[in-house]
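Quick note: the sequence shown uses this note's numbering, first residue 1460, plus one each step. All C-beta atoms, glycine included, are put in the ideal place defined by N, C-alpha and C. Worksheet: one structure, shown below.
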Amino acid sequence: MINLLLFPIILPFFFAILLLFFKEKIRTQRILTLIGVVVSLASSLVLLWTVKTEGIQAITLGSWPAPFGISMVSDMLSALLVTTTLLLTLFIVIYSFTSIGEERERYFYYPAILFMVTGVNGAFTTGDIFNMFVFFEVLLIASYILIVLGGTKKQLRESLKYILVNVISSALFVITVAYLYSVVGTLNMADISVKISEVNQPGIITVIAVLFLIVFGIKGSIFPLYFWLPGSYAAPPIPVLALFGALLTKVGIYAIMRTYTLFFIHNTGFTHEILMILSILTIIAGCIGALAYFDLKQIIIYNIVIAVGVILFGASQMNEAGMSGAVFYLIHDMLIKGALFLLIGVIIYITGTSNLRKMGGLMKTHAPLGWFYLIAAFGLAGIPPLSGFIGKLLIVQGAFEAGNIWSGIIVLASSLVVLLSVMRIFIYAFWGESKVALPKTNRKTYNRLMAPALVLVVLTIVYGIGTEWLLPFMTDATDVLLQPSIYIDAVLK
């Protein structure tokens, strides 16, 4: 059963290769993609339960002993993120059947999704810092295909920026890993932690910590490195935007959380203070963006930036409440952003525009869409008992316990800005009278688009109401982050 942790990586990769042979057979592609994602999700659920009952699962490839071989490690945080990734991918793939269009489907859309999932799950599971770089490149190359697929002028313009930024950050990633290797002489993440603790994190390690923060900050979109995100994410179609918004920034967040709780824990007064300050600035910048736009996509995209700040702020507190809140909020944000992007995709399909000023009166014709959007909006803002509440409450509690009162108040205030930004969408799109004639829409298409979006909204409600049942899983994830020895012992046993 020790090889089980490789299944959520290998299965999407296998099905992605298989799909390359069926370029013109769209129905076959859809069926194989669905089978691949469902089988991968089933394996991740088994893995999640195995980690819960038997503890951290680790394997070192090639029968080499750790730390000499490439280690793959699945702890509770990794297993939760892998499972959530595959769950979201399932609903986005189903949504894509109706919305993405056959032209894109013919040009390797589904293989690109599965290759991207391979990279995302690999990054969540790897126990080797250079292997993390490799999986980052796998997911980025797949995302390059997805962002340009369709070839509209806006896509091509924004893809140049997206590719350039990520090429630079990848080069910096390799350089930073080389610096780290020159100091500690190992790439195994558990062994790096041991080596750094032996030398008590000298100044050069702190410099490397800041470099890692820059690298992962570009990929995770923290202030001031988020400049590329709003334009790049708004360019591709809604299913691709949902994938990017729900998954890609979370890989950067995970990498920061992992390295800043496993490697760089001996000078937290400096490294984690920088992380906390940048997190607060990220929240403020995201709030300004969310209020500045009257475009559906841009409002929700800037809410991604706010969530990045909130999660990393919780992680920077380095106490149980803050870290638990960060884990809760990370999973919540993946689910709620996926649901919201699919819902605004339905709104854009009905109205033919993403401009709020040209919308109105949808509540008269599409009431279920309005009410489900409102529930998702309340969940995003953290209204109890929905999914965003418990995570943000714990993060603020962690801030107060750490003595960061004013920072905690800023996090609380950001909830009001989030609520205001998403309520503007509800008021402009669903209230009043329609400002322009709505394009003719197919009811069957509308229902097919609504189905995966509504199920995701229901899942976020269950996630919020079922907090008590999820708490043991979150506690296990938090314990590994706050007690690196658990992770180290599992890998180097």
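Go through its chain and collect everything with a Cβ distance to residue i's Cβ below 7 Å, but skip five positions before and after it.
i       : result
PRO1689 : GLY1748, GLN1757, ILE1760, TYR1761
VAL1579 : THR1544, LEU1598, LEU1706, VAL1710
ALA1840 : GLY1847, SER1874, VAL1877, LEU1878, VAL1881
ARG1489 : PHE1556
CYS1746 : ILE1765, SER1873, VAL1876
GLY1432 : No information on residue 1432 is available, as it lies outside the stretch 1460 to 1952 that the chain covers here.
TRP1616 : Looking at the sequence itself, residue 1616 is Arg, so the reference to Trp does not match. Excluding residues within five positions, none has a Cβ falling inside 7 Å.
TYR1640 : LEU1646
PHE1753 : ASN1814, LEU1815, ARG1816
VAL1552 : THR1492, LEU1493, VAL1496, ILE1572
Let me confirm a value: residue i is counted as buried when at least 16 other C-beta atoms fall within 10 Å, else exposed. Which label applies?
i       : result
GLU1927 : exposed
ALA1751 : exposed
ARG1816 : exposed
LEU1915 : buried
GLY1925 : exposed
ASN1863 : buried
THR1718 : buried
ALA1798 : buried
ILE1479 : Note that residue 1479 is Leu in the sequence shown, not Ile. It counts as exposed.
GLN1942 : exposed
LEU1913 : buried
GLU1562 : exposed
PHE1787 : buried
MET1460 : With a pLDDT of only 45 at MET1460, under 50, the local geometry of the prediction cannot be trusted, and no value is derived from it.
PRO1898 : exposed
ALA1949 : buried
VAL1510 : buried
VAL1658 : exposed
Got a sec? Which residues, its chain only, sit under 6 Å from residue i by beta carbon, not counting five neighbours each side?
i       : result
ILE1604 : ALA1571
ARG1804 : According to the sequence as given, residue 1804 is Gly; it is not Arg. Cβ within range, chain order: ILE1697.
LEU1737 : ILE1681, PHE1682
ASP1935 : MET1535
ASP1402 : Lying outside 1460 to 1952, the shown extent of the chain, residue 1402 is not represented and no answer is given.
ALA1475 : PRO1570, LEU1573, PHE1574
GLN1660 : HIS1725, ASN1726
DSSP three-state label for residue i, please.
i       : result
ILE1529 : coil
ASN1814 : strand
LYS1709 : helix
GLY1841 : coil
HIS1791 : helix
MET1460 : For MET1460, the predicted structure reports a pLDDT of 45, less than 50, and the residue's modelled location is therefore unreliable. A value from the coordinates is still provided. Correct three-state label for MET1460: coil.
SER1893 : coil
LEU1635 : The question names Leu, but residue 1635 is Thr in the sequence shown. Helix.
THR1937 : helix
PRO1955 : Because the chain here runs from 1460 to 1952, residue 1955 falls outside it and cannot be looked at.
THR1611 : coil
ASN1906 : helix
ASP1827 : Sequence check: residue 1827 is Pro here, not Asp. Helix, per DSSP.
ASN1778 : coil
PRO1898 : coil
ALA1625 : The displayed chain sequence assigns Asn, not Ala, to residue 1625. DSSP places ASN1625 in helix when its eight states are reduced to three.
What are the partner residues of residue i, as DSSP defines its beta bridges?
i       : result
THR1544 : Answer by DSSP bridge pairing: none, since THR1544 is not bridged.
ASP1587 : ASN1647
Looking only at its chain, what residues have a beta carbon closer than 8 Å to the beta carbon of residue i, apart from the 5 residues adjacent to it on each side?
i       : result
ARG1565 : LYS1482, GLU1483, ILE1485
PHE1472 : LEU1573, PHE1574, THR1577
LYS1678 : PHE1595, ASN1625, SER1628, LEU1707, THR1708, VAL1710, GLY1711, ALA1714
LEU1908 : TYR1554, THR1557, SER1558, LEU1801, GLY1804, VAL1805, TYR1808
PHE1885 : GLY1829, TYR1832, LEU1833, ALA1836
ALA1780 : LEU1853, ILE1854, GLN1856, GLY1857, GLU1860
ALA1582 : MET1591, PHE1594, PHE1595, LEU1598, VAL1710, TYR1713, ALA1714
Starting from residue i, follow the beta strand (DSSP E) in both directions and report where the run begins and ends.
i       : result
ALA1517 : 1516-1519
Got a sec, what are the start and stop residues for the alpha helix (DSSP H) residue i sits in?
i       : result
PRO1570 : 1568-1584
TYR1685 : Note, TYR1685: premise wrong, no alpha helix (DSSP H); not H, not E.
ALA1766 : 1755-1775
GLU1564 : 1561-1565
HIS1731 : 1727-1751
SER1873 : 1864-1889
ILE1724 : No alpha helix (DSSP H) contains ILE1724, which DSSP labels as neither H nor E.
GLN1856 : 1846-1860
PHE1473 : 1466-1478
ALA1407 : Residue 1407 lies beyond the residue range present for the chain, which begins at 1460 and ends at 1952; the question has no answer from this structure.
GLU1513 : 1485-1513
GLY1925 : Run containing GLY1925: none; DSSP gives neither H nor E here.
LYS1823 : 1821-1824
GLY1453 : In the structure as shown, the chain begins at 1460 and stops at 1952. Residue 1453 is therefore absent and cannot be evaluated.
Is it the case that the CB of residue i approaches a heavy atom of the ligand MN more closely than 7 Å?
i       : result
MET1818 : Ligands in the displayed structure: none, and consequently the ligand MN is not present.
Would residue i count as contacting chain D if we go by Cβ distances under 8 Å?
i       : result
ALA1936 : Given the protein chain composition of this structure (a single chain), no chain D is represented.
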